[in-house]
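S.K.:
There are 2 protein chains.
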Amino acid sequence: MLTISQLASYAGVTIRAVRHYHSVGLLPEPQRDHSGYRRYDAAAVVTLIKIRTLADAGAPLSRTHELLAAGEDEFAAAVEDIDRRLRDKIRDLQRHRKQIAQLAAGDSLALPPEVVAYLERMRELGFSERLIEIERDSWILIAAQLPDHVAAMMAIKHAQIEHPTLRRLYLDIGDLADCTPTDPRMPALADRVEAFIKAAGAEFGEVDEGPPISAELTALLDAAFVETFPCATRLIELLEERGWTGWTNIRRTDHARTSTACTEVESRTA
Amino acid sequence: MLTISQLASYAGVTIRAVRHYHSVGLLPEPQRDHSGYRRYDAAAVVTLIKIRTLADAGAPLSRTHELLAAGEDEFAAAVEDIDRRLRDKIRDLQRHRKQIAQLAAGDSLALPPEVVAYLERMRELGFSERLIEIERDSWILIAAQLPDHVAAMMAIKHAQIEHPTLRRLYLDIGDLADCTPTDPRMPALADRVEAFIKAAGAEFGEVDEGPPISAELTALLDAAFVETFPCATRLIELLEERGWTGWTNIRRTDHARTSTACTEVESRTA
DNA sequence: CTTGACCTTGACGCACGGTCAGGGCTGCAC
DNA sequence: GTGCAGCCCTGACCGTGCGTCAAGGTCAAG
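Listed in order, the protein sequences are those of chains C and H. Read in order, the letters of the first sequence are residues 1 to 270 in our numbering. Read in order, the letters of the second sequence are residues 271 to 540 in our numbering.
#1: Would you mind working out which of H/Val315, H/Cys449, H/Gln415 and H/Leu509 sits nearest H/Ala231, comparing C-alpha positions?
#2: Which runs of the alpha helix (DSSP H) fall wholly inside the region 323 to 406 of chain H and span at least 4 residues, in chain order?
#3: I want to verify the contact list: residues of chain H whose CB lies under 7 Å from the CB of C/Thr64, in sequence order.
#4: Determine the burial state of H/Thr317: buried for a count of at least 16 other Cβ atoms within 10 Å of its Cβ, exposed for fewer.
#5: Check whether the region 492 to 504 of chain H and the region 450 to 459 of chain H are in contact - that is, three or more C-beta pairs closer than 8 Å.
#6: I'd like to check one pair, C/Pro112 with C/Val79: are the Cβ atoms closer than 7 Å?
#7: Within 10 angstroms of the Cβ of H/Ala540, are there 16 or more other Cβ atoms? Answer buried if so, exposed if not.
#8: Per DSSP, H/Arg522 forms a beta bridge with which residues?
#9: To which residues does DSSP link H/Leu272 through a beta bridge?
#10: With a threshold of 16 other CB atoms inside 10 Å of the CB of H/Asp353, please say whether the residue is buried or exposed.
#11: Taking the C-alpha atoms as reference points, what is the distance between C/Pro28 and C/Ser9?
#12: Rounded to whole angstroms, what's the CA-CA distance from C/Asp81 to H/Arg289? Just pull it up for me.
#13: Quick check: what's the CA-CA separation for H/His428 versus H/Trp409?
#14: Can you tell which of H/His366, H/Ala340 and H/Leu508 has the C-alpha that lies nearest to the C-alpha of H/Arg462?
#15: So which residues of chain C does H/Thr544 contact, with C-beta pairs closer than 9 Å?
#16: Please list, in chain order, the chain H residues whose beta carbon lies closer than 7 Å to that of C/Gly246.
#17: Taking just the CA atoms, how far does H/Arg302 sit from H/Lys359?
#18: Return no unless some Cβ of chain H is closer than 7 Å to the Cβ of C/Thr253.
#19: In this structure, does DSSP put H/Arg455 in helix, strand or coil?
#20: Taking C-beta pairs closer than 8 Å, name the residues in chain C that H/Leu411 reaches, listed in chain order.
#21: Could you work out which residues of chain C lie near H/Gly328, taking near to mean beta carbons separated by less than 7 Å?
#22: Compare the C-beta of C/Leu109 against all C-beta atoms of chain H and say whether one is closer than 7 Å.
#23: Go to C/Gly174, then tell me how far its alpha helix (DSSP H) extends in each direction, as first and last residue.
#24: Can you tell me which of H/Val496, H/Asp407 and H/Ala489 puts its alpha carbon nearest to the alpha carbon of H/Ile446?
#25: For H/Lys359, go through chain C and note every residue whose CB falls closer than 7 Å to its CB, in chain order.
#26: Have a look at C/Met154 and H/Leu356 and give me their C-alpha separation to the nearest angstrom.
#27: For chain H, find out if any of its Cβ atoms is closer than 7 Å to the Cβ of C/Ala78; answer yes or no.
#28: Given H/Ala327, which residues of its chain have a CB within under 8 Å of its CB, disregarding the five upstream and five downstream residues?
#29: Could you name the residues that DSSP lists as bridge partners for H/Gln216?
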């Protein structure tokens, strides 16, 4: 007769596992000797090895219970089921590996590669880190909501950033990082923003269907922008005096014509 | 400002998950409004998306914590580490799948295919089910202890089973299933067992090195055998009268020459 | 005022044991 | 006899990553 540790070592499991199987009814409690110790026979070893075989093969313990008692047909069906779930798990893990592989540096965390490339380009062109960060965070949000539209929007952004006027505008906005709302450069900046929007509207015409950035997301992006650039509040005020509302999705105030899709995207600077 | 449900839906997680991240310190607790509700800003969405990105990629939450704060180098190292563990997991699961695939019918549970084939042959030859069961269980035990020796032992067993004298002996032992220790056939059976062992010893000569079935395992197998065939106790007694001890590893009593490896294996009938 | 949809904290549950804590038994050496 | 090492016992908490229920408080609309 075997003690619990002998049983465990025969089957290659821990004593704790044996007692666990007892507690869940997988392995029947054996007789006890005069001092209360469990005493096992060879059949217990066999049962335990079978349990481990099933468990090692990935079957949940709960099913192991039925499987030990099952006939050939049920058993075969159950094996197939377990196998299917193993396949699924493997597929998931392989997907995880691919995702992990794309997580190279900080910027690419949660971002598609087009956006990473765009942020790289911003760095090359000397944009302020603060501006790049808010841009990155904004695109994380957008990519999470509209993954299928990111590529198209990015193409436009890439084109824009090579446009000298707009680039100059971005650089100057980046310099506003720590300025106060009363900074003297603000009115001129508002004029330049307005001029650019008008020019863009004239150049690309009007398009009603644009990327469906929702009003809520727009508000969130605006809020993130003013959070990063406190004086942006003032800039937006100045633009409202000139008849524009919003920032991410900047438009003519109320009765004026709605902006085009292109200006929507083009005017996203943060 | 966002409520917890809005935050959760932006990042594609459940409210419960958000609160869980708070509780483990992954996501900082935001401000509360006048009625105690949590209020989030865009930065929280970004952090949450990053957390999910890492978690979806298979990083454990505990590490996610560090990863969010890590620099590029640590991050790259950590990613590699996670990837390695994913690979390991995949390898394990694939091994599980192979094992599962071998679990076709009852006999093969925890048994290598050679043994399954042997049990099949026993069935074909008309051995009693009881004998086949104890044989199967014995081999489960042996395979668990000495997986590398099973193939060699099985080769010998396969040869033995085709030997007419031994086969006849096995068949008769199988018929003892429900007999009493006083069954009149016992002495003759003991004589035949002895004769066979002697013949086998003469035929194969003596070999000192055999498969290392330990004394404990031998005792266990003997115990399992007498458990299944109660009258085996009597048979072993009769053999002891004739100068033999044990069963699985049957040998000359004390001073007599030790058995050869071949007889050890050959005499394993259960 | 009611209703239903939201929010809060707290706690249990899952699978599979690991790891104490607190105590008893056994056998061997001194 | 006594001390020690090495077994054994039960009971209970720990960890993962949340799901789910309980028992409320809050908010906006009808």
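We treat Cβ as the ideally placed atom computed from N, Cα and C, and that holds for glycine.
M.R.: For this structure:
#1: Residue 231 of chain H lies beyond the stretch modelled for chain H, which goes from 271 to 540, so this question has no answer here.
#2: 331 to 339, 342 to 372 and 383 to 394
#3: Near C/Thr64 there are no residues of chain H at all, since even the closest Cβ is about 11 Å away, more than 7 Å.
#4: buried
#5: yes
#6: no
#7: In this prediction, H/Ala540 scores a pLDDT of 40, lower than 50, which makes its location untrustworthy; no coordinate-derived value is stated.
#8: H/Trp514
#9: H/Tyr310
#10: buried
#11: 18 Å
#12: 34 Å
#13: 13 Å
#14: H/Leu508
#15: The structure shown does not extend to residue 544 of chain H, since chain H is modelled only from 271 to 540, so the question has no answer here.
#16: Result: empty, since nearest Cβ-Cβ is about 15 Å, beyond 7 Å.
#17: 41 Å
#18: no
#19: coil
#20: Tyr10, Ala42, Val45, Val46 and Ile49
#21: Leu93, His96 and Ile100
#22: yes
#23: Pro164 to Gly174
#24: In the sequence on display, residue 446 of chain H carries Leu and not Ile. Comparing Cα positions, the closest option is H/Val496.
#25: Leu93
#26: 32 Å
#27: no
#28: Ile352
#29: Residue 216 of chain H lies beyond the residue range present for chain H, which begins at 271 and ends at 540; the question has no answer from this structure.
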